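Quick note, the sequence shown lines up with residues 11 to 178 if you use the numbering used here.
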Amino acid sequence: MSSTISEISTLLDSAGIKYQLKDDLIRTGFATDLYTDEDGDNSVNILIRLEEDGELLRVQAPMAYQMPKDASPATQAAVLRTINQLNWESKILQVEMDLEDGEIRLGVDFPLEDGQPTEKQVARLVRMIPSIIDQAHLHLRDALDKAIPMPTEAEISRRFDAFVRTRA
11 MSSTISEIST LLDSAGIKYQ LKDDLIRTGF ATDLYTDEDG DNSVNILIRL EEDGELLRVQ
71 APMAYQMPKD ASPATQAAVL RTINQLNWES KILQVEMDLE DGEIRLGVDF PLEDGQPTEK
131 QVARLVRMIP SIIDQAHLHL RDALDKAIPM PTEAEISRRF DAFVRTRA
């Protein structure tokens with residue numbers, strides 16, 4: 011029993027999420043606090059679609075960031091390390107980078123298999139992307155603009171301990 015795009019649309023309607031439906035693809039967007047898109051707007055565009063004959067719900071923020079084609083090896087390493095750290099810390103979100111064109115996107119794949127998603131599940135998947143992209147934004151901008159990778163929790167702890175020792 012697979013899902014249909016009209017069933018997902020009905021769940022979005024019930025959750026009060028505005029969207030546009032065209033050719034089995036749902037487009038929506040949300041305001042953000044920190045994240046800015048390529049036009050400098052504080053908003054993120056989100057695509058929702060069903061794949062695998064309606065057995066997989068995919069929610070993505072495509073082209074959220076772009077790795078420059080001429081990025082230095084240090085920048086590339088910082089971005090990849092930051093993406094890895096974000097994936098490590100996330101329980102459900104995936105940060106992906108297309109090595110061919112440098113597209114960095116955030117997304118969630120939600121397997122439906124033989125079940126139907128609830129309004130609460132779909133709303134959570136869609137609404138989590140703006141929240142997480144705001145949390146990740148400064149780290150990804152540091153990696154892209156300054157070649158500074160996102161620190162791990164252990165690195166933050168070591169830095170804090172060193173700071174405390176210098177103050178004692």
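Beta carbons are placed, not taken as given, at the ideal position from N, Cα and C, and that holds for glycine. Computed from a predicted structure; not experimentally measured.
Among the residues of its own chain, which have a CB less than 7 Å from the CB of ILE143, if the five just before and after it don't count? Counted from its first residue, the sequence shown places residue 143 at position 133. THR42, TYR45, VAL54, ALA71, ALA74 and LEU116, listed in sequence order.
Status (buried if at least 16 other CB within 10 Å, exposed otherwise) for PRO78: The residue given as residue 78 occupies position 68 in the sequence shown. Classification of PRO78: exposed, given that the 10 Å Cβ count is below 16.
Any idea what DSSP makes of ILE56, helix, strand or coil? Walking along the sequence shown from the start, residue 56 turns up at place 46. Correct three-state label for ILE56: strand.
Three-pair Cβ contact test at 8 Å for the region 29–38 versus the region 81–92: no
Can you name, in chain order, every residue of its own chain whose Cβ lies under 6 Å from the Cβ of GLN76, other than the five neighbours on each side? Taking the sequence shown and counting its residues from 1, the one referred to as residue 76 is at position 66. Once the five neighbours on either side are set aside, the close Cβ partners of GLN76 are GLY112.
Cα separation between GLN95 and GLU165? Numbered from its first residue, the sequence shown carries residue 95 at position 85. Numbered from its first residue, the sequence shown carries residue 165 at position 155. Each residue's alpha carbon lies about 12 Å from the other.
Cβ separation of ARG59 and ASP34, assumed to be a contact under 8 Å, to the nearest whole Å: To locate residue 59, count along the sequence shown from 1; it is residue 49. To locate residue 34, count along the sequence shown from 1; it is residue 24. That belief holds up - the Cβ atoms of ARG59 and ASP34 are roughly 7 Å apart, short of 8 Å.
Sequence-distant residues of the same chain with beta carbon closer than 6 Å to PRO140, five excluded per side: Your numbering for residue 140 matches position 130 in the sequence shown. So the qualifying residues of the chain are PHE40, THR42 and VAL54.
Considering only the alpha carbon of each residue, which of THR176, ALA157 and LEU148 lies closest to SER82? Numbered from its first residue, the sequence shown carries residue 82 at position 72. Among THR176, ALA157 and LEU148, the Cα nearest to that of SER82 is on ALA157.
Taking the straight line between their C-alpha atoms, what separation do you get for ALA84 and MET160? Residue 84 sits at position 74 when you count from the first residue of the sequence shown. Residue 160 sits at position 150 when you count from the first residue of the sequence shown. Looking at the two C-alpha atoms, the distance is approximately 13 Å.
Residue nearest to THR128 in terms of C-alpha spacing, selected from SER12, MET107 and ILE18: Sequence index remark: in the sequence shown, residue 128 carries index 118 (1-based). Nearest C-alpha to THR128: ILE18.
In angstroms, rounded to a whole number, what distance separates the CA positions of HIS149 and ARG137? In the sequence shown, counting from the first residue as 1, residue 149 sits at position 139. In the sequence shown, counting from the first residue as 1, residue 137 sits at position 127. Looking at the two C-alpha atoms, the distance is approximately 20 Å.
Beta-carbon separation of LEU122 and SER13 under 7 Å? Within the sequence shown, residue 122 is the residue found at index 112, counting from 1. Within the sequence shown, residue 13 is the residue found at index 3, counting from 1. Cβ atoms of LEU122 and SER13: closer than 7 Å.
Under the rule that 16 or more other beta-carbon atoms within 10 Å means buried, what is ALA153, buried or exposed? As a first step, residue 153 is located in the sequence shown; it is residue number 143 there, counting from the start. ALA153 comes out buried.
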